[in-house]
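Remarks on the structure that follows.
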Amino acid sequence: MNNRLINWFKYASPQSFYPLAGKMIPWFVALATVFGLAGLWLGMVVAPTDFQQGEGYRIIFIHVPASWMSMFIYLVMAFWAALGLAYNTRLSGMMAQALAPTGALMAFLSLWTGALWGKPMWGTWWVWDARLTSELILLFLYIGFIALQASIDDPRRADKAGAVLALVGVVNIPIIYFSVKWWNTLHQGSSVSLTKSPSMAILMLWAMLLMALSFWMYSIAVALYRARTIMLERERGTEWVREVLQQEGAK
Amino acid sequence: MSIHWNSFGEFLAMGGYGLYVWGSFGITAAIMFMEPIIAVRNRKNLVARLKRQARAERNKEQ
Amino acid sequence: MIGMIVAITARDLKLAMRRQADIVSVLFFFIIVASLFPLGIGPEPQLLKKLAPGVLWVGALLATMLSLPRLFADDYRDGTLEQLVLAPQPLGLTVIGKVIAHWLVSGLPLALLAPVLGIQFDLEMDALFILTVSLLIGTPALSGIGAIGAALTLGLRGGGVLVSLLVLPLYIPVLIFGAGAVDATVTGMGAEAHLSILGALAIAGVFFAPWATAAALRISLE
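Protein chains in written order, with the numbering used here: chain A, -3 to 247; chain B, 1379 to 1440; chain C, 1434 to 1655.
Printed below as a string of structure tokens:
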């Protein structure tokens, strides 16, 4: 009766998830590479010039995927956090911890590319535009999460404290975005936006989607890899880690 | 699906936006190159450390 | 239920009164920060008037944040907190009581002090009034949200700096609407919209955030 449920929970233990993740990583790397090459080809080689922003608009092919991933990873992190608090599974906290650095890097990339786009378009590296500002705050939230987990020695407490913080952050993100937007309209922010290219041709959209898929697969691959390392560290001294270590030596 | 550029030089120049476009793509490439390398190095260090600890424990038992 | 909140608040207030130096030093921090800005920027009244809402609000924000660690630290050290967590009463209500007490000794005096500092920045009467009102409404939210950070970092090394990393990003909406209310008054627009959103944030901060704080306290005391 409950076979399917049991199978799911079987993978929720680090011991059985470790080899599964190991098998999955090469596939995600391959997918990331294929999508990335296709997206770069379409976006950088085939796509025509934007009549308003010239060739500068091509930054969009990494800016938008990086922004999407930075927000999406935070949501996934909060999802794992909620799961960990509700069911007290060991794996959830490890996944959240493994995701955070990649999310922070994505937020950083989004800011960096936003600045490099803003310089030729707005004439300054930084504009307090609602999106850029929200992205900066998201980066702060990631840094807070990482710093909190890093300063707690007991991994169980680190997981749970991080989970509460991630959930509080996820409740706050819409409020923060709304308030920054309100603040921005009051102070007459810039009206030109990187994502509002009027002539967004189908081809460009495809290139952007392919790049987003590539970033997504990349994030999964790195996070799974990091999660495997965390599993070994936390479960050291158990029988299965000893076996894994012996196999590592044989290679 | 024709190639948009006439020459490689034109591709590099990006219509005058070369610095900004390649600055963005360059940092992205650097990060996506470094992040996995650091992850692999961390894992290798951990495996080596755990092995040392295991050996030390075995020696203690003997 | 209300009786219990009042009892906790009264207890915390009594304890805070024994350590009046803590309260006073937070206030002096606020005064000093606010006085540093004109020295750093220059004495032009027009410029100072423009900067005043933001400077005073950021100063109040930082001062509140400095007072956060002592919200639970004393009770944690002498073991009272553990008993409060194990008590049959819902922990969230206890936290609400402590948040109210924290506001009474940090947010309230800051709000009452702010108009005096506002005069230094050449603010008009109506702007001074809205500054006080916005701080009165907004600082409870700061105490409520800050309590989450204080609970999460309980007993950790480097707790003080960590609290600011966790809490300051979450303070941004309060800052925007609080300083925005004063700014709107200075520029001649009404501050009602700002103040009502600030009120909503304060209600969320005092009545909803404590439940997250309660969860965080349980985790920290495990």
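Quick reminder that beta carbons are idealized off the backbone N, C-alpha and C, glycines included.
Residues of the stretch 45 to 68 of chain A with Cβ closer than 8 Å to any Cβ of chain B, in chain order | THR45, GLY50, GLU51, GLY52, ARG54, ILE55, ILE58, HIS59 and ALA62
Distance between beta carbons of MET91/A and ALA162/A, contact taken as under 8 Å | Not confirmed; about 11 Å, so no contact.
How long is the line joining the alpha carbons of GLY110/A and ILE55/A, rounded to whole angstroms?
-> 8 Å
What do you reckon, are the CB atoms on TYR1395/B and GLY119/A nearer than 8 Å?
-> no
Counting only beta-carbon atoms, is ALA1417/B nearer than 8 Å to chain A?
-> yes
If you check the beta carbons only, do PRO1486/C and GLN1553/C fall under 8 Å apart?
-> No, the Cβ-Cβ distance between PRO1486/C and GLN1553/C is not below 8 Å.
Looking only at its own chain, which residues have a Cβ that is under 7 Å from the Cβ of MET(-3)/A, when we skip the five neighbours before and after it?
-> Confidence at MET(-3)/A is low in this model, with a pLDDT of 42, below 50, so its placement is unreliable and no value can be given for it.
In three-state terms, what does DSSP make of ASP1445/C?
-> helix
The alpha helix (DSSP H) enclosing GLY1404/B, as first and last residue numbers = It spans 1396 to 1439 - the alpha helix (DSSP H) in which GLY1404/B sits, taken as one unbroken run.
Go to LEU1587/C, then tell me how far its alpha helix (DSSP H) extends in each direction, as first and last residue.
-> That residue, LEU1587/C, is in no alpha helix (DSSP H); it is neither H nor E in DSSP.
Residues of chain B with a CB under 7 Å from the CB of LYS115/A: which are they?
-> TYR1398
ALA162/A at chain C interface by Cβ criterion, 8 Å | no
Cα-Cα separation between MET20/A and MET213/A, rounded to whole angstroms = 11 Å
From the DSSP output, in three-state form, read off ASP1455/C for me.
-> helix
Could you check which residue in LEU95/A, TRP124/A, GLY52/A and LYS115/A has the C-alpha nearest to that of ASP155/A?
-> LEU95/A
Collapsed DSSP secondary structure at MET(-3)/A in the structure displayed = Low per-residue confidence applies at MET(-3)/A: pLDDT is 42, beneath 50, and the placement is therefore not dependable, though the value from the model is reported in the following sentence. The answer is coil: DSSP assigns MET(-3)/A none of H, G, I, E or B.
Quick one: is LYS1531/C buried, meaning 16 or more other Cβ sit within 10 Å of its Cβ, or exposed?
-> buried
Anything in chain A within Cβ reach of PHE1403/B, meaning under 7 Å, just list it in chain order.
-> ILE58
With 7 Å as the C-beta to C-beta threshold (strictly closer), list the residues of the stretch 23 to 44 of chain A near chain B in chain order.
-> VAL41, VAL42, ALA43 and PRO44
Reduced DSSP secondary structure (H/G/I, E/B, other) of GLY119/A | coil
Closest Cβ-Cβ distance between PHE1505/C and chain A: below 8 Å?
-> no
Using the C-alpha atoms, what's the distance from PHE1389/B back to GLU1477/C?
-> 51 Å
Proximal residues to THR248/A (C-beta, below 7 Å), its chain only, five neighbours per side dropped = Since the first residue shown for chain A is -3 and the last is 247, residue 248/A is missing from the structure and cannot be characterised.
How would you write the range of the alpha helix (DSSP H) that LEU1556/C sits in, first residue to last?
-> Premise fails: LEU1556/C is in no alpha helix (DSSP H) and is neither H nor E.
With respect to the alpha helix (DSSP H) encompassing PHE57/A, which residues constitute its N-terminal and C-terminal limits?
-> Per DSSP, the unbroken alpha helix (DSSP H) holding PHE57/A starts and ends at 56 to 83.
For GLY50/A, write down the residues that DSSP places opposite it in a beta bridge.
-> Paired residues: ASP46/A.
Using a Cβ cut-off of 8 Å (strictly closer), state whether ASN(-2)/A contacts chain B.
-> With a pLDDT of only 48 at ASN(-2)/A, under the threshold of 50, the placement of this residue in the model should not be trusted; the figure read from the coordinates follows. Not closer than 8 Å to any Cβ of chain B, the Cβ of ASN(-2)/A fails to qualify, so no.
Return the CA-CA distance between LEU1495/C and PHE1463/C, expressed in angstroms with no decimal places.
-> 8 Å
Comparing alpha-carbon positions, which option in VAL30/A, VAL164/A, ILE148/A and ILE216/A lies nearest ALA77/A?
-> VAL164/A
Run of the alpha helix (DSSP H) containing MET204/A, from where it starts to where it stops | 198 to 230
Verify the CB distance criterion: does TYR214/A have a CB-CB separation below 8 Å to chain B?
-> yes
CA-CA distance, VAL1488/C and ARG1452/C?
-> 28 Å
What span of residues does the alpha helix (DSSP H) with PHE1389/B cover, start to end?
-> 1386 to 1391
Close-in-space but distant-in-sequence residues of the same chain around ALA1584/C (CB under 7 Å, 5 per side omitted) | PHE1505, THR1646, ALA1649, LEU1650 and SER1653
Could you tell me if LEU228/A is buried or exposed, where buried requires 16 or more neighbouring beta carbons within 10 angstroms of its beta carbon?
-> buried
Does any C-beta atom of chain A lie closer than 8 Å to the C-beta of ASN1384/B?
-> no
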